[in-house]
Amino acid sequence: MAVERTLSIIKPDATRRNLTGKINALLEGAGLRIVAQRRIQMTRTQAETFYAVHKERPFFGSLCDFMTSGPVVVQVLEGENAVAKNREVMGATNPADAAPGTIRKEFAESIEANSAHGSDSAENAAVEIAYFFAGADIVG
Ligand code: RTP
Ligand code: MG
């Protein structure tokens, strides 16, 4: 498997509880390299555009409220099989279903306030990375 990049977001529930470092330690411990990182306050438009794939879902409005409720840390992770590896480290969407040692099992508050986002395919990763980062801001 070639070296890949994926987009990760540390969500507002986690930044609020000062968990950025602990989450980064789990990511780095899994062999993922943080090759770009920025703390931002997402605008409503940014959240709605980023999660547009979910716009017909009943939780869409609440999800956009949550994602704009405080700062997030957007980051590009690099490594072998990075998309799948990041999702493995994050654990299941619902923390009740997440495996021990995963970010969501250790830190998530609920199915919505679940501490981390990770791209779900290499194709979506490329789109999501370009949404937040210019090429020159990623230093591998
Ligand atoms: P993500 O996109 O954030 O990495 O999460 P995911 O792939 O594991 O889950 P996805 O189905 O893409 O859902 C995106 C985010 O929406 C919130 N959600 N709320 N209330 C609900 O039933 C519900 N379901 C999903 C979560 O914040 C989820 O991560
Ligand atoms: Mg998703």
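Residues 1 to 140 (UniProt numbering) make up the sequence shown, in order.
We put the CB at the ideal spot given by N, CA and C, even for glycine.
For residue 93, three-class secondary structure by DSSP: Translated into the one-based positions of the sequence shown, residue 93 becomes position 93. In the structure shown, residue 93 sits in coil (DSSP, three-state: anything other than H, G, I, E or B).
Look at the alpha carbon of residue 80 and the alpha carbon of residue 64, and state the distance between them as a whole number of angstroms. Residue mapping note: residue 80 aligns to position 80 of the sequence shown, counting from 1. Residue mapping note: residue 64 aligns to position 64 of the sequence shown, counting from 1. For residue 80 and residue 64, the distance between alpha carbons rounds to 31 Å.
Tell me which residue opens and which closes the alpha helix (DSSP H) that residue 62 is part of. As a first step, residue 62 is located in the sequence shown; it is residue number 62 there, counting from the start. Per DSSP, residue 62 belongs to the alpha helix (DSSP H) from 60–67.
Grab me the residues of residue 55's own chain with a C-beta within less than 8 Å of its C-beta, minus the 5 sequence neighbours each way, in chain order. Position 55 of the sequence shown, counting from 1, holds the residue named residue 55. Within the same chain, residue 55 has close Cβ partners 48.
Taking the C-alpha atoms as reference points, what is the distance between residue 58 and residue 104? Taking the sequence shown and counting its residues from 1, one reaches residue 58 at position 58. Taking the sequence shown and counting its residues from 1, one reaches residue 104 at position 104. Roughly 22 Å between the two C-alpha positions.
Determine the direct distance from the alpha carbon of residue 116 to that of residue 109, and round the result to whole angstroms. One-based indexing of the sequence shown puts residue 109 at position 109. One-based indexing of the sequence shown puts residue 116 at position 116. The C-alpha of residue 109 lies about 11 Å from the C-alpha of residue 116.
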